[in-house]
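There are 2 protein chains.
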Amino acid sequence: MRRGEAVTLRQVASHAGVSRQTVSNVLNAPERVEPATLAKVQAAIEALGYQPSRTARSLATRQAGLIGYGLARQAGHSLFMDPFLHAMTESIEQTGRHVLLFTAPPGHLGLQTYADLIAQRAVDAFVVSDTVDHDPRHAWLAERGVPFASFGRAWPKDGDQPGPWVDVDGARACARLAAGLHAEGHTRIGFVGWQAPTSAGSDRQRGWRAECERLGLDEHECVAVSAEVDSIEGGARAAAELLDSAVPPTAIVGVSDLLAVGVLNEVRRRGLRAGRDIWVTGFDDSVLAASIGLTSVRQPIAELAATVVSLLDTPYEDRGVLLPGELVLRGSAPLNSGTR
Amino acid sequence: MRRGEAVTLRQVASHAGVSRQTVSNVLNAPERVEPATLAKVQAAIEALGYQPSRTARSLATRQAGLIGYGLARQAGHSLFMDPFLHAMTESIEQTGRHVLLFTAPPGHLGLQTYADLIAQRAVDAFVVSDTVDHDPRHAWLAERGVPFASFGRAWPKDGDQPGPWVDVDGARACARLAAGLHAEGHTRIGFVGWQAPTSAGSDRQRGWRAECERLGLDEHECVAVSAEVDSIEGGARAAAELLDSAVPPTAIVGVSDLLAVGVLNEVRRRGLRAGRDIWVTGFDDSVLAASIGLTSVRQPIAELAATVVSLLDTPYEDRGVLLPGELVLRGSAPLNSGTR
C-alpha cells in the first residue's frame, strides 16, 4: 500500500490547529469534543481526505472490525453453505464490518484455531456454522465470553443450547414431506440419512420418523438407511439397500439433494420411474434439484444470514430463531400443492 | 474478547528484566537483538503465554496479515468458484495469513470497495477472481502499486495483461473437445456460450471456433448461440435455437456445466438420446456433471489456489501461469479416451 502518500493524523491536527489527541477524540469519542472544535476538525479531515487506518482505529476502538467465519474442512455441504456465505458476507458488510475467513478441522481439534484468533484479537465475534451433534464450539466460546451467533444448533447432550442461534426447522419440513406422501397413498416411506453425526441430519430424520409414527405406519415398512458418505454414489447404495428389502418403500425421503440424486440414479438404473413407481425428495433445493426435477426443501438463505448477523449485535443471551423451510414440488414427488 | 486477562508486553519485559522496546524488537526485528537477550525474552514469552494482538503487531510490522478476496455479486459461477475459495483460504493460511472476504459489484463500480480497503490498510494484498473482459481492477491496482495476483485474465483491450495471474487454458480444452468430437465423426458441432462478457467464456469459444476452422468445418454448420443467463433454462433455450435450425448440430459444446445441463434437458424433451443422437459437453466438472453423466472439463482447483497464493509473494512482475484443464469423459459425449 502506498503509505507514503497517506495523509497523517498529525497533518489533520496541524491543519485544524488542534492537538493530535483532539483529532483522535473526534474519530473515536466525538461526544467528548466541543461542537465548534468538532466542526473544525471534521472540516480538516474532509479538506485533506484523511482516512484513519483500520489498524490505528482498532487500537483506539479495541474493535477489529472483523467477524470470523470458519469453513469446514470437508466437502459435500458446499452446495448449500456457499450461497449462505455470500449472503452472510453481504449482511455483515451492511453493519460496516468484514468477514475474516478461515478453515478449521471439525470438533475439538478446531478449537485451537478459534483460540489463536481470539488471542490475536483478530476478530470481534464469530459466526459458527456447519454444526455437528455435540459441537464443542458453542459452549467453549460461551464459557470464554466470546461473542458469537450460530447458524445451526449444537444439540448438546444436556439439551442446553449455549448462545444465540438461528436454524431451519428440518424436522418439521421432513414431517410435512412424510405427511404429503401419505396423503398421496404411500404407506412405505423410507429415509436415506447421513452416517456422520450432523445435527441437521438427525433433526430431519426425527421429523420423518415422528410423522410416520403419528400416521400409524408400520415401522418395519418405514426404514431409515444411512449413506456412508454424502455423495451421489452413497445415495445410490443406500437406495439399493432399501429397494432390495422384503418390503421396499414406494417413497424415499433423502436428507440432502446429493443423496437424493443418488437415489434417483438407482431408481432409474432399475428401470423404475421417479414420481410414478417411486417418489423421491431431497433437501436444500440446490441447483442440482432444479436441474433434475427433484422435489426438495428450500432454506431461506437471505433471512438466515440476516438473522445470524442481527443476533451478533443483540445483547448476549441464549435465544434461538427457528425458520420454516419451503417445500418446492417437482416431478420426482408430485405432491399436492396444498401440502403443509 | 476478555482483554483483562491477557498478558501484556509490559509484563513480559518485567519478567525478562528488559525494556519494552527490547521485547518489541524480539517480536518484530529479532535480528537486531543479541542472542542471549533473545533467549531470555523468548523464555519469558513462553513462561507467561504471551501472544501479541494482531492489531499491535500490525502497527509494528505495517502488515494487516490479511489478503482481500472479493465475492462477485452475482449467482451462477458459484458451483466452481466456491471450491476455489475453500482451497485458496487453506493456501493463504499456510503462509500464516487469513482471508478478508468482501463483496463488490462488478466493473468500475466495484473499485470504490477496493479503494476503501486500501485506505483503511485493511489488507496487504488482493486475490482477484471472477474476471470479466476489460476487467478494470488489474490495471487500477497495478497503477497504485497494490500487490495482487489474479485467478483469470482481464483480457485488456490493448492485450497487455497487468500483474501476475494464473488461469486454466479454456481455449485449448474446448479445442480438444471439438477435435475429439470430430474424430468420432461429428462435423456439425455447435456451441452454447454466455452473453455476458466474461473473459473465460470468450476464451473457451475462441478455442472451439479455431479448432472447427482448423478442421475445415463449415462455419454455417458450426454455430454459436449465447444464453441470456447462465442457468439451466438459458441452456435449454439456446439448445432449442440450435436444434431448430436448418442444419442442426449433432454435438453441442457448452461453456459451463449449468448451460450443458439445460442443453441435455432440451435434448431429452425432444425424445433424443444424449451421447447417441446428440453429444453434449460442459465445463467445470461440478457435482452437477458427475450426477447426470456429463462429459466436462475439470479445473485443477488445488493447483490454481496454490499458484495464485505463491504469485502474491513473488517479486512484483507481470507473469502468467497457464494450467491445462482435464477432460472428464462420461456418457453425454463418450469420446475416445485418447482425446488430447
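Protein sequence lines correspond, in order, to chains L and Z.
For the first sequence, the positions run 841 to 1180 when the working numbering is used.
For the second sequence, the positions run 841 to 1180 when the working numbering is used.
Glycine residues also receive a C-beta, built at the ideal position from the N, C-alpha and C atoms.
Within 9 angstroms, strictly: CB atoms of residue i and residue j
i, j, result
"Asp-1124/Z", "Glu-1166/Z", "no"
"Leu-940/L", "Leu-940/Z", "yes"
"Leu-888/L", "Val-858/L", "no"
"Ala-1023/L", "Asn-1176/L", "yes"
"Pro-945/Z", "Thr-953/Z", "yes"
"Val-1093/Z", "Ala-1067/Z", "no"
"Leu-981/L", "Phe-991/L", "no"
"Ile-1029/Z", "Val-1127/L", "no"
"Val-968/Z", "Gly-1041/Z", "no"
"Gly-1075/Z", "Ala-1114/Z", "no"
"Gln-891/L", "Ala-959/Z", "yes"
"Trp-1048/L", "Asp-1070/L", "no"
"Ala-1011/L", "Arg-984/L", "no"
"Ala-1079/Z", "Val-1103/Z", "yes"
"Ser-1039/Z", "Asp-975/Z", "yes"
"Ala-856/Z", "Ala-876/Z", "no"
"Glu-933/L", "Thr-929/Z", "no"
"Asp-956/Z", "Gly-905/Z", "no"
"Glu-1051/Z", "Glu-1059/Z", "no"
"Asp-1007/L", "Leu-878/L", "no"
"Pro-807/L", "Pro-996/L", "Here chain L has residues from 841 to 1180 only, and residue 807/L is not among them."
"Val-873/L", "Ile-885/L", "no"
Range of the contiguous alpha helix (DSSP H) that encloses residue i
i, result
"His-978/L", "977–983"
"Ser-854/Z", "849–856"
"Val-1065/L", "Segment 1064–1067 is the beta strand (DSSP E) holding Val-1065/L; no alpha helix (DSSP H) there."
"Pro-875/Z", "875–888"
"Asn-1176/Z", "Premise fails: Asn-1176/Z is in no alpha helix (DSSP H) and is neither H nor E."
"Glu-1207/L", "With chain L running from 841 to 1180 in the structure shown, residue 1207/L is simply not present."
"Val-1103/L", "1097–1109"
"Glu-1081/L", "1072–1083"
Option in the options with minimal Cα separation from residue i
i, options, result
"Ala-1018/L", "Gly-889/L, Leu-911/L and Trp-1119/L", "Trp-1119/L"
"Asp-1009/L", "Leu-906/L, Ala-994/L, Pro-1164/L and Thr-1154/L", "Pro-1164/L"
"Arg-1108/L", "Thr-862/Z, Thr-1147/Z, Ile-907/Z and Ile-1132/Z", "Ile-1132/Z"
"Gly-1025/L", "Gly-1111/L, Arg-1116/L and Ser-969/L", "Arg-1116/L"
"Val-986/Z", "Ala-1142/Z, Arg-1044/Z and Gly-908/Z", "Gly-908/Z"
"Thr-1090/Z", "Cys-1062/Z, Thr-935/Z, Gly-1041/Z and Val-972/Z", "Cys-1062/Z"
"Pro-923/L", "Val-1168/L, Arg-1138/L and Leu-1112/L", "Arg-1138/L"
"Ala-912/L", "Lys-997/Z, Leu-911/Z, Ala-927/Z and Ala-1146/Z", "Ala-927/Z"
"Arg-1016/L", "Ala-979/L, Ala-1130/L and Leu-1055/L", "Leu-1055/L"
"Leu-1169/Z", "Asn-865/Z, Val-1006/Z, Lys-997/Z and Gly-1122/Z", "Gly-1122/Z"
"Gln-903/Z", "Pro-1004/L, Gly-950/L, Ala-962/L and Ala-994/L", "Ala-962/L"
"Arg-993/L", "Thr-862/L, Gly-999/L, Pro-976/L and Thr-971/L", "Thr-971/L"
"Gly-1020/L", "Asn-865/L, Ala-1173/L, Ala-1080/L and Ser-931/L", "Ala-1173/L"
"Ala-1129/Z", "Val-1095/Z, Leu-1082/Z, Gly-1160/Z and Thr-1154/Z", "Val-1095/Z"
"Leu-936/L", "Asp-1153/L, Pro-1088/L and Leu-949/L", "Residue 936/L is actually Gly in this sequence, not Leu. Comparing Cα-Cα distances from Gly-936/L to each of Asp-1153/L, Pro-1088/L and Leu-949/L, the minimum goes to Asp-1153/L."
"Leu-925/Z", "Ala-979/Z, Asp-1084/Z, Val-1148/Z and Gln-861/Z", "Val-1148/Z"
"Leu-1134/Z", "Ile-885/Z, Ser-1085/Z, Gln-1001/Z and Leu-1098/Z", "Leu-1098/Z"
"Leu-1057/Z", "Asp-1000/Z, Thr-1027/Z and Gly-1178/Z", "Thr-1027/Z"
"Ser-1136/L", "Pro-1088/L, Gly-1111/L, Glu-1081/L and Arg-1044/L", "Arg-1044/L"
Residues sharing a beta bridge with residue i, DSSP
i, result
"Thr-1135/L", "Thr-1121/L"
"Glu-1166/Z", "Arg-1138/Z"
"Gly-1128/L", "Here residue 1128/L turns out to be Leu, not Gly, going by the sequence shown. Answer is none; Leu-1128/L lacks a bridge partner."
"Phe-966/Z", "Gly-908/Z and Phe-988/Z"
"Val-1161/L", "Val-1006/L"
"Ala-1114/Z", "Ile-1118/Z"
"Val-972/L", "Thr-1038/L"
Host beta strand (DSSP E) of residue i (start-end)
i, result
"His-938/Z", "938–944"
"Ala-1091/Z", "1091–1094"
"Leu-949/L", "Unbroken run through Leu-949/L: none, as it is neither H nor E."
"Gly-910/L", "906–912"
| field | Entirely enclosed alpha helix (DSSP H) segments - the segment 990–1057 of chain Z, minimum 4 residues | value | 1010–1023 and 1039–1054
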